[in-house]
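Enquirer: Supplied in structure tokens, the structure appears directly below.
Residue numbers (our numbering): 3 to 366.
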């Protein structure tokens with residue numbers, strides 16, 4: 003069972019000591035199960051997701067709301083979090099990989115379906131990847147979007163961001179971006195196997211090469227962020243680097259693929275990354291899972307170290323709430339059994355979500 007708690011302030015070098023409140027990591031919540039994402043609503047309600055890898059599945063809900071006492075409760079209800087034989091678009095969660103509160107105030111959940119990142123080809127007759135959006139007040143599903151039409155047998159649908167009527171999704175298994183038009187339902191795969199979506203270099207975490215099944219791990223298009231003015235999409239494979247493209251080009255179904263590829267520019271040579279966030283001023287926050295730090299990248303591509311701390315083991319999908327607080331899940335993905343040469347977990351439970359009171363301007 004997860005418990006809540008606070009910790010003493012740590013300096014940027016990760017050693018106990020005095021630290022400015024704007025720089026200190028605070029422990030917001032801890033869990034005995036591996037989680038991978040957090041989203042905090044404007045009214046303070048906190049939602050978390052538990053992936054199937056690393057003990058995330060099978061021991062509790064896939065999506066939970068954490069109450070004021072630090073207790074997680076299945077969201078939107080127990081049925082959605084427990085396989086009951088139901089099939090089709092309204093079946094319970096299969097493999098949740100990400101969650102996010104969208105600009106519409108709904109809780110969007112990325113369910114990767116029967117896909118298994120780094121595993122055998124997906125059974126095309128199995129559960130497809132879906133995007134599900136829930137009203138956080140009633141718990142009722144508002145949108146259920148099957149991605150079968152835009153997936154391949156090697157797809158692993160990873161993460162999600164929004165721009166007006168467009169949903170951008172990353173495919174970490176078969177490198178591409180998926181562009182979904184909420185209004186028309188149209189789905190398109192773009193930049194498939196482009197250098198900007200393809201993992202082409204080794205991934206390192208805590209000084210070690212990340213492997214799975216005895217081979218170097220490969221996580222293709224993974225992190226993505228939309229600029230505050232909506233004009234740009236930043237995206238990258240988990241190994242980096244970070245690329246940027248105009249949203250207008252990505253959203254143009256008539257733009258030939260070679261012309262679209264030419265609009266993509268290298269933004270910053272990021273290290274192996276677990277998660278990102280972006281603030282209302284366009285600064286990007288990128289986790290460096292090898293050096294256990296968070297980088298801040300300006301819109302001009304200049305980088306500084308926001309915080310370095312030994313507790314930031316695989317900082318994953320971050321969140322900036324409406325008070326300007328940065329939420330950082332440190333989920334120890336690289337220590338899970340799937341990424342160990344001997345198949346034995348090196349997790350040091352609990353895993354934690356940290357916060358930094360930075361008074362950032364959130365994206366609206």
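No residue lacks a Cβ here, since even glycine has one placed at the ideal position from N, Cα and C. The model shown is predicted, which means the values in this text are computed figures rather than measured ones.
With three or more C-beta pairs closer than 8 Å as the rule, is the segment 192-202 touching the segment 316-336?
Expert: no
Enquirer: Using the rule of at least 16 other Cβ atoms within 10 Å of the residue's Cβ for burial, across every protein chain shown, is residue 277 buried or exposed?
Expert: Stepping through the chain shown from its first residue, residue 277 is reached at position 275. Classification for residue 277: buried.
Enquirer: Pull the bridge partners of residue 31 from the DSSP assignment, please.
Expert: Indexing the chain shown from 1 puts residue 31 at position 29. DSSP, once it has assigned bridges, lists 355 as partnering residue 31.
Enquirer: Is the beta carbon of residue 287 less than 9 Å from the beta carbon of residue 243?
Expert: Here residue 287 corresponds to residue number 285 of the chain shown, with the count starting at 1. Here residue 243 corresponds to residue number 241 of the chain shown, with the count starting at 1. Contact: no.
Enquirer: On the DSSP letters alone, give me the boundaries of the beta strand (DSSP E) that residue 223 sits inside.
Expert: Along the chain shown, read from residue 1 onward, the residue named residue 223 stands at position 221. Per DSSP, residue 223 belongs to the beta strand (DSSP E) from 223-228.
Enquirer: Cutting at 6 Å between CB atoms, please list the residues of its own chain near residue 129, excluding the five before and the five after it.
Expert: Translated into the one-based positions of the chain shown, residue 129 becomes position 127. Within the same chain, residue 129 has close Cβ partners 96, 115, 116.
Enquirer: Only counting the same chain, and skipping five residues up and downstream in sequence, which positions put a Cβ closer than 6 Å to that of residue 341?
Expert: Taking the chain shown and counting its residues from 1, the one referred to as residue 341 is at position 339. Short of 6 Å from the beta carbon of residue 341, and not among the five residues preceding or following it, lie these beta carbons of its own chain, in chain order: 212, 214.
Enquirer: When DSSP labels each residue in this structure, what does residue 313 get in the three-state scheme?
Expert: Start at 1 with the first residue of the chain shown, and residue 313 comes out as number 311. Note: residue 313 maps to coil in three-state DSSP.
Enquirer: Where residue 347 and residue 28 are concerned, what is the direct C-alpha to C-alpha distance, given to the nearest angstrom?
Expert: Locating residue 347 in the chain shown gives position 345, where the first residue counts as 1. Locating residue 28 in the chain shown gives position 26, where the first residue counts as 1. When rounded, the distance between both Cα atoms is 26 Å.
Enquirer: Note down the Cα distance separating residue 134 from residue 74, rounded to an integer number of angstroms.
Expert: Counted from its first residue, the chain shown places residue 134 at position 132. Counted from its first residue, the chain shown places residue 74 at position 72. Rounded to whole angstroms, residue 134 to residue 74 spans 20 Å at the Cα level.
Enquirer: Sorted by chain position, which residues of the same chain lie with C-beta nearer than 7 Å to residue 324's C-beta, five sequence neighbours on each side aside?
Expert: Here residue 324 refers to the residue found at position 322 when the chain shown is read from its first residue. Result list for residue 324: 44, 364, in chain order.
Enquirer: CA-CA distance, residue 216 and residue 338?
Expert: To locate residue 216, count along the chain shown from 1; it is residue 214. To locate residue 338, count along the chain shown from 1; it is residue 336. Distance between the alpha carbons of residue 216 and residue 338 is about 14 Å.
Enquirer: Considering only C-alpha positions, which residue in the set 311, 285, 88, 187 is nearest to residue 227?
Expert: Counted from its first residue, the chain shown places residue 227 at position 225. If we check each option's Cα against that of residue 227, 285 comes out closest.
Enquirer: Check whether the segment 300-312 touches the segment 32-47, taking contact to mean three or more Cβ pairs, one atom from each stretch, closer than 8 Å.
Expert: no
Enquirer: Mind checking whether residue 331 and residue 354 have CB atoms under 9 Å apart?
Expert: For the purposes of this step, residue 331 is taken as residue 329 along the chain shown, with counting starting at 1. For the purposes of this step, residue 354 is taken as residue 352 along the chain shown, with counting starting at 1. In this structure, residue 354 lies closer than 9 Å to residue 331 by Cβ.
Enquirer: Based on the DSSP output, what are the partners of residue 239 in its beta bridges?
Expert: Along the chain shown, read from residue 1 onward, the residue named residue 239 stands at position 237. Residue 239 is bridged to 223.
Enquirer: So residue 260 is in the alpha helix (DSSP H); what residue range does that whole segment cover?
Expert: Counting from 1 along the chain shown, the entry for residue 260 is found at position 258. Per DSSP, residue 260 belongs to the alpha helix (DSSP H) from 259-264.
Enquirer: When the Cα atoms are used, what is the spatial distance from residue 196 to residue 263?
Expert: Numbered from 1 along the chain shown, position 194 holds the residue referred to as residue 196. Numbered from 1 along the chain shown, position 261 holds the residue referred to as residue 263. C-alpha separation (whole angstroms): 7 Å.
Enquirer: Taking the beta strand (DSSP E) that residue 39 falls in, what are its first and last residues?
Expert: Within the chain shown, the letter at position 37 stands for residue 39. Where residue 39 is concerned, the enclosing beta strand (DSSP E) stretches over 39-42.
Enquirer: Please state if the CB of residue 229 and the CB of residue 280 are separated by a distance shorter than 9 Å.
Expert: Here residue 280 is taken as the residue at index 278 of the chain shown, counted from 1. Here residue 229 is taken as the residue at index 227 of the chain shown, counted from 1. Yes, the Cβ-Cβ distance between residue 280 and residue 229 is below 9 Å.
Enquirer: Classify residue 80: buried if its beta carbon has 16 or more other beta carbons within 10 angstroms, exposed otherwise.
Expert: Here residue 80 is taken as the residue at index 78 of the chain shown, counted from 1. With fewer than 16 other Cβ atoms within 10 Å, it is exposed.
Enquirer: List, from N- to C-terminal side, the beta strand (DSSP E) runs of 3 residues or more that fit wholly inside the segment 274-320.
Expert: 278-280, 286-290, 295-299, 305-310
Enquirer: Tell whether a beta-carbon distance below 9 Å holds between residue 100 and residue 329.
Expert: As a working mapping, residue 100 is identified with position 98 in the chain shown. As a working mapping, residue 329 is identified with position 327 in the chain shown. No, these two residues do not count as a Cβ contact at 9 Å.
Enquirer: Considering only DSSP beta bridges, list what residue 132 is partnered with.
Expert: As a working mapping, residue 132 is identified with position 130 in the chain shown. BP columns for residue 132 point to 113, 148.
Enquirer: May I ask you to verify whether the segment 150-157 touches the segment 176-188, counting CB pairs closer than 8 Å and requiring at least 3?
Expert: yes
Enquirer: Quick check: the Cα distance between residue 349 and residue 261, rounded to an integer number of angstroms?
Expert: Start at 1 with the first residue of the chain shown, and residue 349 comes out as number 347. Start at 1 with the first residue of the chain shown, and residue 261 comes out as number 259. Roughly 45 Å between the two C-alpha positions.
Enquirer: Any idea which residues DSSP pairs residue 205 with across the strands?
Expert: For this step, residue 205 is matched to residue 203 along the chain shown. None; residue 205 has no bridge partner.
Enquirer: In chain order, which alpha helix (DSSP H) runs of at least 4 residues are fully inside the segment 86-110?
Expert: For the segment 86-110, not a single whole alpha helix (DSSP H) run of length 4 or above is found.
Enquirer: With distance defined between alpha-carbon atoms, name the residue in 282, 92, 69, 267 nearest to residue 142.
Expert: Position 140 of the chain shown, counted from the start, is the residue given in the question as residue 142. Nearest option by C-alpha distance: 92.
Enquirer: From residue 19 to residue 192, what distance separates their C-alpha atoms?
Expert: For this step, residue 19 is matched to residue 17 along the chain shown. For this step, residue 192 is matched to residue 190 along the chain shown. Because the pLDDT at residue 19 is just 33, under 50, the model does not fix this residue reliably, and the point stays unresolved.
Enquirer: Take the Cβ of residue 165 as the centre, count every other Cβ of all protein chains shown within 10 Å, and call the residue buried at 16 or more, exposed below.
Expert: As a working mapping, residue 165 is identified with position 163 in the chain shown. Buried, by the Cβ-count rule.
Enquirer: Secondary structure at residue 183, three-state DSSP: helix, strand or coil?
Expert: As a working mapping, residue 183 is identified with position 181 in the chain shown. Three-state DSSP puts residue 183 in a strand.
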